[in-house]
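Peer 1:
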Ligand SMILES: Nc1nc2c(c(=O)[nH]1)N[C@H]1C(S)=C(S)[C@@H](COP(=O)(O)OP(=O)(O)OC[C@H]3O[C@@H](n4cnc5c(=O)[nH]c(N)nc54)[C@H](O)[C@@H]3O)O[C@H]1N2
Ligand SMILES: Nc1nc2c(c(=O)[nH]1)N[C@H]1C(S)=C(S)[C@@H](COP(=O)(O)OP(=O)(O)OC[C@H]3O[C@@H](n4cnc5c(=O)[nH]c(N)nc54)[C@H](O)[C@@H]3O)O[C@H]1N2
Ligand code: SF4
Ligand code: SF4
Ligand code: SF4
Ligand code: SF4
Ligand code: SF4
Ligand SMILES: [Mo]
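Here's what the structure looks like:
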């Protein structure tokens, strides 16, 4: 699949934003982080900013962005619609959470925060399900895809939380949390890749054409001699060596290094910690962009069978 | 919440358009009937006319894309006069009056001095009866259409053998055939009928066999694919004949009734009569009757001797045709084992195929309960047919041995008793015709301001009909009907420009071309043709001083002409698909058709036929002016109705007579076109069941055909296994008779003018001798079903299907050479090299490479941007073909069949050489981009065609 | 409404049956479809760069060619591909706007281009590549099964079939109700073992493809029926005709 940059950015930004919102909505009411002061306000502001930027960027992918509101209608069947509904719905408690924190109304902030956390998790879940429900794409229609979206959102959110905590001098807890999630992310991503690499093809050109009973099927002539929308969109191909290198970058720069830096930050504390956390955040978000890009680039769609043969 | 189904407004019963008109498709020459729906004057939808006999409602890929051809931005918009050098594309738009006056002045001067100095050649138009008539009126013998480079081998092979032919003049009996073998057909002229027919055969469970080095299209759906080596079909067919004869599986009855098998051939080696038919004093061929001896062969109760030497009443010795034929093909040289390697078909398979067709022909004949009467007046209670049908086209035709191969195939049909019988190949009306019909071609004694009488393209019966000077020099500029190509029935368009540039046999003044892209894909070698068109003599004048060209689009040839007469599109004009020309008749009866204008031109263009008629009047050609010198015809529609070629016979056969009640022959009917339009723009006549088979010997058919003006005489047409005209040419070459060939051609004529079918190695390959081994692959082209030669590249839809072409190679061979799919290679022949991108396939004879025909375009042409894939990745195989045979002793000879002059496109042999890495990416040669002529509209970057949308 | 209609027993399932045994790959179905639809219900079907490099347009039907098997034993198969009007079309259920829908009354899968937002998710969801994005208008388009022909009362009844079916010169395309086991198309499918493409994905396509007929090894026509001596016994087969008495 061709990595659609607007969507890559959208899922990374909104994933981190929802992750951050999730942790704030959970940890502040739980009293594990302070409600009072500017920490919460700033945190929710950053989260909402990222979420909004992501959502706006996703509009760029639409052929008719001015009709985007229509996407809310089909929540009964469509994960995209559900994502939209969840995203919008989450704005309500998140907004209340933000205002309550601003106003110092902890009684309101706590339930609103909890609701926002639920909304954030639900939204990211929907996002994951959009991909996981697409059967023609083996690499997406996979049981680890939704956990991945949730975990990576939680991880990047936690990294941002750690960054804020470091900035506000609120201790090493968030950093350790983020480091832990980073390690989990690393494990999950490795497991995912191991699984998709070993997974059997979901379809072959033989089953796509029904001609397998004659023998091996090879495309002879395409319908048109130039390319087309489907091929540009679905037949994006990345060289194996390239993919392997990017995978290493994701694992090391996207998960391992940030986790190590965060542990180091937790251990050293002080001004150095802030610097280390900054580095971890940049690496984690950068790594996540690469991960999402790869998520597309490595995904194969059954439609390519008709043009290239083989199996997917 | 919005709900899809509730708000999706579907206009279920929107009328297709506001008006519908019938006419005839011209996205190719198949002549399907169409219904053109118009909306607000724009073409909304073109569909097949369900009532039309040719296509019965279906439409092919091209026909369905007619809208985009009609509205293409490559349409020429006004008459043009060249102002820059040839090829520069610098033109000045002129008025029609100036264009007509310019053409008239050029032509008038030629006609007054020497009409031969006009060479008038037309492409795949369907108005040859007009253009040929015009040329004869002008007085030049230098006229032909495209048939010489197309399929004259099939036409001549058929017309001199069975009085009809494959090409578009015959068709399998789709209703009854049980076995259908096609040779070298990728698409055919009968595009839609072929597809409809194959579908019917397959639905009925008949077996379809395709003999073709490439397995695509029809070969792909055939029940059996025989991947033959190009150029060897003759051998394969003769091996089938060998098997049938060896096993005694031939239709003796058919042979003695309908063919010249029993005719006696004089045996007098070295004599002037050797090999000619023994005839009685009335000129009738003799056969040897077991009871009565040598008698006229047409006796009803003949009981002929088929094998054995006899003595004629005058003491000469003679043998029956059958014996000569059988003795030849029973020779072990034609045994399957002997030909298997060469053809690339195992001997057991050839034997099996022979048995298979014999089994169907003789063990499963078709017998229709239709009583009929033969030429001898004998009544037959049923029609007994051999349901084995054949069809063949350019895979056989485009080889220099194609004429004989085609004859061999007709012989095979005769042996099986499978000519115009139920289930077999059938004549399409107006065929059969006498063999050969005679008289010979007009063209001798061309004089200033004087029409030629007779047909320029006709049928030589022997040396006396050839168009040669006493010393053997050709009379025609293309050398057709000369000793170089005695049966060049369709002329040799591929030689015209080369000969004209050389002044061989003389210089011409005006080259007048219509609808043929001679500077590109219909040139055997485009760059050489362009060189000829731009060559100048010592005085700086072009050696071909004036070129007039009528095209409707900005083709590659436009920039090389001096005067452009822009034509309309097929939806804007009257046309006539006439019985005098290439009608739409079928085995079910004669038929013809018209085109009517369905939209008005929005440019300053005029239908070419109308322009030609007006030029005829301006030049004062007798048939085009009245006694007072004023134009005889208002326009083409007027000509279609009122022109009479012979009393009562005109371009259209339907609704003749003052009241429209006569068919075939009758006075002109002023209301005729209206009657055609009311009937969907076609006319057809159904043959009665009784006259629908055995037409060559069916009394009722022959009498009715004569009455309708299709035949001169209602006499049996005896199928010619043994061809006497060929023997006459051979005798002349041996020194007999007053008309003698030049010495350098004697051996060639003796070798190839064999009265029985022969096979020989294609001429170019033979001439290369040992050198041939350096070129291990045969290289051929195929027509893509969704593109018509060059003229689909300006079509926004079709060019998406075929925007570039690759060279298809056998996967195994390519892998052995280290060549992978999409690699770039040089295709090299002794004549040059062309660069192409490779595609690999399984279904190709391993020693053959192929590509789609005419997809490669010259940059800039067809109103495409120079970066178009047609010009960068598309390529023409023509760049490595030559129009001449490798240099031998004597004058140069066309790379063509030695009998018919048919261009030998598919004799090409090449080698494949991998490109250096830096050479990959674009084809070569890539001549300079052409600049567009003035007047072309801008090209849209997005086309949003929607006839329903108000503009 | 992108929820699928409740499956009703005996419900109409209009669709195409494409005979791969006779399709000659002529592209008529593709161009005729384009021609009909560019001024039809989903008009227009735009073409980008129509006269230069990179020409690409919206086509509801595209014809591929394949080779199956090796060498002479293999086959070349031409293969038209268009929307299969699946019974479980995820292209519909993923649609967030309701623009994609499957009609209860005949099973046709359509896009309402008036409300489509061009998110292209349906194109991702279609395994068969049958969705065609109109990048010019920013909306998704696709085969309509010629909804504006098959019910069109201004067209003679016999011709109320999809454009691609009406035009197919090899008569390789059939249209009808695959929900009715007694319909001509259902019988054809039963007779010829019509198959669904990529059944493993569970989309349950309505359209069926009739596979190329298996070719029986060429039957041996048996020994010649000629009662005379066996061919091998005749030294000179010409002699066969020497004394043969034939008359017209
Ligand atoms: N390598 C190779 N070359 C071949 C062949 C092959 O098999 N292989 N085949 C050969 C054969 S059989 C043929 S017939 C030729 C065909 O070759 P051409 O006869 O050159 O055919 P087209 O390319 O179609 O060109 C015909 C010209 O007619 C113009 N035209 C189209 N419509 C109209 C109209 O309505 N009016 C006028 N006035 N002009 C119009 C087109 O614009 C074009 O310039 O190619 C030959 N060339
Ligand atoms: N769509 C479309 N239709 C057309 C045309 C077009 O350009 N496009 N052109 C029209 C014209 S002008 C013509 S002349 C006709 C020609 O119609 P076809 O005769 O069908 O022409 P080709 O495509 O040249 O097909 C030649 C076939 O012969 C095969 N072949 C080559 N050499 C040999 C051989 O030695 N033996 C055998 N057995 N096969 C061989 C090739 O593989 C190819 O399949 O088509 C007409 N119809
Ligand atoms: S075969 Fe196709 S292009 Fe040719 S006349 Fe018929 S419909 Fe038109
Ligand atoms: S083929 Fe594709 S577009 Fe058509 S219904 Fe099935 S899934 Fe949807
Ligand atoms: S592109 Fe249009 S039809 Fe497709 S899923 Fe999106 S809104 Fe629905
Ligand atoms: S049914 Fe209509 S829209 Fe669908 S492929 Fe056929 S012609 Fe095109
Ligand atoms: S029109 Fe018929 S034969 Fe031609 S490609 Fe389509 S299905 Fe095949
Ligand atoms: Mo031709």
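Protein chains in written order, with my numbering: chain H, 1 to 312; chain X, 1001 to 1951; chain R, 2001 to 2248. Note that the Cβ used here is the ideal one computed from N, Cα and C, for glycine as well. Treat the numbers as computed from the prediction; the structure is a model and nothing was measured.
1) In chain order, what residues have a CB nearer than 6 Å to some heavy atom of ligand 6?
2) Quick check: is any heavy atom of ligand 8 less than 7 Å from the C-beta of residue 1146 (chain X)?
3) Could you check the C-alpha separation between residue 1568 (chain X) and residue 2163 (chain R) for me, to the nearest Å?
4) Within a Cβ cutoff of 8 Å, which residues of the same chain sit near residue 2227 (chain R), ignoring the five residues on either side of it in sequence?
5) Quick check: does the Cβ of residue 2027 (chain R) come within less than 7 Å of any heavy atom belonging to ligand 7?
6) By the criterion of Cβ-Cβ separation under 9 Å, what are the contact partners of residue 2187 (chain R) in chain X?
7) Who are residue 1027 (chain X)'s beta bridge partners in DSSP?
8) Identify the continuous alpha helix (DSSP H) that holds residue 1348 (chain X) and give its terminal residues.
9) Between which two residues does the beta strand (DSSP E) holding residue 2061 (chain R) run?
10) Consult DSSP for residue 300 (chain H) and reduce its assignment to one of helix, strand or coil.
11) What does the Cβ neighbour count give for residue 1367 (chain X), buried or exposed, with the cut at 16 atoms within 10 Å?
12) I need the straight-line Cα distance from residue 1755 (chain X) to residue 1560 (chain X), nearest angstrom please.
13) For a contact defined as C-beta to C-beta under 7 Å, what are the partners of residue 2168 (chain R) on chain H?
14) In three-state terms, what does DSSP make of residue 93 (chain H)?
15) Going along chain H, which residues have a C-beta under 7 Å from residue 2145 (chain R)?
16) So, at 7 Å on beta carbons, what are the nonlocal neighbours of residue 329 (chain H) in its own chain, with the 5 sequence-adjacent residues on each side left out?
17) Is residue 11 (chain H) buried or exposed, if buried means 16 or more other CB atoms sit within 10 Å of its CB?
18) With DSSP collapsed to three states, give me the class of residue 1940 (chain X).
19) So is the beta-carbon of residue 1515 (chain X) under 7 Å away from any non-hydrogen atom of ligand 3?
20) For a contact meaning CB atoms closer than 8 Å, what does residue 2245 (chain R) contact in chain X?
21) Quick check: is the beta carbon of residue 2110 (chain R) nearer than 8 Å to any beta carbon in chain X?
22) At 3 residues or longer, and completely inside the segment 1452-1505 of chain X: list those beta strand (DSSP E) runs for me, N to C.
23) Count Cβ pairs between the segment 1425-1440 of chain X and the segment 1099-1106 of chain X that sit closer than 8 Å; are there 3 or more?
24) Using a Cβ-Cβ distance cut-off of 8 Å, determine whether residue 1150 (chain X) contacts chain R.
25) Applying the criterion that 16 or more other CB atoms from any shown protein chain within 10 Å of the CB defines a buried residue, is residue 1192 (chain X) buried or exposed?
26) Terminal residues of the continuous alpha helix (DSSP H) containing residue 2132 (chain R)?
27) Just verifying my parser: in three-state terms, what is the DSSP assignment at residue 2214 (chain R)?
28) What separation, rounded to the nearest whole angstrom, lies between the Cα atoms of residue 1319 (chain X) and residue 1411 (chain X)?
29) Would you mind sorting residue 1243 (chain X) into buried or exposed? The rule is 16 or more other CB atoms within 10 Å of its CB.
30) For residue 1911 (chain X), which residues from the same chain have a beta carbon less than 7 Å from its beta carbon, with the 5 sequence-adjacent residues on both sides left out?
31) Which residues of the segment 1786-1808 of chain X have a Cβ closer than 7 Å to any Cβ of chain H? Give them in chain order.
32) Using Cβ-Cβ distances below 8 Å, what residues of the segment 223-234 of chain H are close to chain B?
33) Between the C-alpha atoms of residue 1272 (chain X) and residue 1281 (chain X), what's the straight-line distance to the nearest angstrom?
34) For a test of the three-state rule: what should DSSP assign to residue 2124 (chain R), helix, strand or coil?
35) Would you tell me roughly how many angstroms separate the C-alpha atoms of residue 38 (chain H) and residue 183 (chain H), rounded to the nearest one?
36) In the DSSP output, which residue or residues are listed as bridge partners for residue 1689 (chain X)?
Peer 2: Well, looking at it:
1) R:2033, R:2036, R:2037, R:2060, R:2061, R:2082, R:2143, R:2144, R:2145, R:2146, R:2162, R:2163 and R:2164
2) yes
3) 28 Å
4) Since pLDDT at residue 2227 (chain R) reaches only 45, below the 50 mark, its modelled position is unreliable, and the value read off the structure follows with that caveat. Closer than 8 Å at Cβ, skipping near neighbours: no residue.
5) yes
6) Within chain X, no residue comes near residue 2187 (chain R); the closest Cβ sits about 14 Å away, beyond 9 Å.
7) Residue 1027 (chain X) is not bridged to any residue.
8) 1347-1358
9) 2061-2068
10) coil
11) exposed
12) 43 Å
13) What residue 2168 (chain R) touches in chain H: nothing, since even the nearest Cβ is about 16 Å away.
14) helix
15) Those do not exist, as residue 2145 (chain R) stays about 19 Å from chain H at its closest Cβ, beyond 7 Å.
16) What is shown of chain H runs 1 to 312, which leaves residue 329 (chain H) out entirely.
17) buried
18) coil
19) no
20) 1290 and 1303
21) yes
22) none
23) no
24) no
25) buried
26) Per DSSP, residue 2132 (chain R) belongs to no alpha helix (DSSP H); it is in the beta strand (DSSP E), 2131-2134.
27) coil
28) 18 Å
29) buried
30) 1774, 1775, 1776, 1777 and 1828
31) 1800, 1801, 1802, 1803 and 1804
32) Looking for chain B here will not work: the only protein chains present are H, X and R.
33) 18 Å
34) helix
35) 30 Å
36) None; residue 1689 (chain X) has no bridge partner.
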